[in-house]
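These notes are about the structure you will find just below.
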Amino acid sequence: HPLKHPLHARREVAAAQAAIEVQGARLHNLQNLSVRVPLHRLVAVTGVSGSGKSTLARDVLLANVQAAVAQKGQGDPLWQGCSGLQGWGAVDRVLEVDQTPIGKTPRSCPATYIGFWDAIRKLYTETLEAKARGYAANRFSFNTGQGRCPACEGQGMRTIEMSFLPDVKVPCDQCHGQRFNPETLAVTWRGKSIGDVLQMEVDEAVEFFASMPSIAHPLQLLKDVGLGYLTLGQPSPTLSGGEAQRIKLVTELSKVRDEIGRRGEPLAPKPPEGSRPLGAARRGLAPHTLYVLDEPTVGLHMADVEKLIHVLHRLVDGGHSVVVIEHDLDVIAEADWVIDLGPEGGSAGGQVVVAGPPEAVVQSGSPTGQALRAVLSR
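So in our numbering, the last spot in the sequence shown is 1047, and the numbers never skip.
Written as structure tokens, this is what we have:
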């Protein structure tokens, strides 16, 4: 079924809304472009191919804010590709969530990347069996130490080198892919060894760890973004770009958990006039992050697109700012603010055709607006 919009109540962008103002962008085909990018909102950068979307969002906005945040308090930033940026000081951190792999080695897996593997190791360390044997947390690491399988060194796979063909990876014949030695696997929690946990799918693990919020919460997020079929120990090199990107989003979402609701509270008195506003970290909040995503829907099924949209909304509800470069009409229809570039590609592009809520883009009659009309009227 086509998605019905809006899936989430649209957030208003008032004239006084905090925003980053890009001034006089002239990089590549951008034609002295100035535009407001509202903060704490879901912003879509749209337009025909070659209209300058990636140049604006990644090469001008992302690169400059990243550099400015890195040297906060060390004098005025040197702007690249534009004459200046205003309002960037409200951002504490900048992150591009792309489809690059999350880990190069087979030892890296979703559990280690997101960070809940340490909590699982701690759980096994606290069992009576582990205490009786004197095992510490490092016993349950497959990266180092005495707990891992000596034959495959904790990889669970052996690589067979073929002379004139690509190397072949086969499950280790000693640990049968469980990564640990028999003594370590003898320690169980609720009847499962730590090797069994690595081979568990996320869907099953959510129920298995239901009583442990620090583990169950990131697992539930993985399920929410449509990755319930992955195993906790799936080697990172076997993940697709779309899977890797959603795992990165889950890593970010797991940090947002306590922020929803807290950001609206006046946690600190207003700073006196003329002084610098307190950074989020000083106010006791997670740093306000600007996320930039370049076509996150590439390769996703429509059902997964809907899940991705919910994730982006959750990041914004957590008080962060999200900018997506996107062709997918369902994502554009969900944005609070759309910056439509054009009117054409290449040298005939690089201008703002319209900036406003999706309805304003439809009224403008631009190519994006014409395509969006049918989606919004569902």
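Cβ coordinates follow ideal geometry from the N, Cα and C atoms, glycine included.
For the alpha helix (DSSP H) that I916 lies in, which residues bound it at each end? Here the alpha helix (DSSP H) through I916 covers 910-925.
Who are the Cβ neighbours of M881 in its own chain at under 8 Å, not counting the five residues just before and after it? A788, L792
Are the beta-carbon atoms belonging to A713 and L702 less than 7 Å from one another? The Cβ-Cβ distance between A713 and L702 does not fall below 7 Å.
How many angstroms separate the CA atom of Q843 from the CA atom of R827? 10 Å
So what's G744 in DSSP terms, helix, strand or just coil? coil
Assign L797 to one of two classes, buried (16 or more other C-beta atoms within 10 Å of its C-beta) or exposed (fewer than that). The residue in question, L797, is exposed, as its Cβ has fewer than 16 Cβ neighbours within 10 Å.
Tell me whether E1003 is buried or exposed, calling it buried when 16 or more other Cβ atoms sit within 10 Å of its Cβ. buried
Nearest to A688 (by Cα), restricted to the options H845, G756, N812: G756
By alpha-carbon positions, which one of G987, V729, V766 ends up nearest to G750? Taking only the C-alpha atoms, the option nearest G750 is V729.
C-beta contact flag for D999 and V1022 at 7 Å: Contact flag unset, no.
Give the list of continuous alpha helix (DSSP H) stretches no shorter than 4 residues that lie fully inside the segment 777-847. The qualifying runs are 779-783, 786-794, 797-802.
Just tell me which of G825, P1027, G910, V980 has its CA closest to the CA of H989. V980
In terms of DSSP beta bridges, what is R762 paired with? T958
For I689, name the three-state secondary structure that DSSP assigns. Secondary structure of I689 (DSSP, three-state): strand.
Measure from the alpha carbon of S718 to the alpha carbon of each residue in P1026, D997, Y782, then state which is nearest. D997
Local Cβ density within 10 Å of T966, reported as buried at 16 or more and exposed below that: buried
According to DSSP, is L754 helix, strand or coil? strand
What do you reckon, is the C-beta of E765 under 6 Å from a heavy atom of the ligand MN? For the structure depicted, the ligand MN is absent and the ligand set is empty, with no information on it obtainable.
Excluding the 5 residues flanking V925 on each side, which residues of the same chain have their C-beta closer than 6 Å to its C-beta? The residues are G987.
Taking only the alpha-carbon atoms, compute the straight-line gap between V682 and Q768 and give it to the nearest angstrom. 30 Å
Burial state of H709, where buried means 16 or more other Cβ atoms lie within 10 Å: buried
Tell me the rounded alpha-carbon separation between E690 and I1008. 13 Å
My guess is that V991 and Y960 are in contact by the Cβ rule of under 8 Å, so how many angstroms apart are they, rounded? 5 Å
Where E921 falls, given that 16 or more other Cβ within 10 Å makes a residue buried: Looking at its Cβ environment, which holds 16 or more other Cβ atoms inside 10 Å, E921 is buried.
Straight-line CA distance for I771 to G897? 18 Å
Taking the alpha carbon of T822 as the reference point, which residue from S810, M831, L888 has its own alpha carbon closest? First, the amino acid is wrong: residue 822 is Glu here, not Thr. When each option's Cα is compared against that of E822, the closest is S810.
How should N850 be labelled, buried or exposed, when 16 other C-beta atoms within 10 angstroms of its C-beta is the threshold for buried? buried
Distance between beta carbons of N698 and G1015, contact taken as under 8 Å: 6 Å
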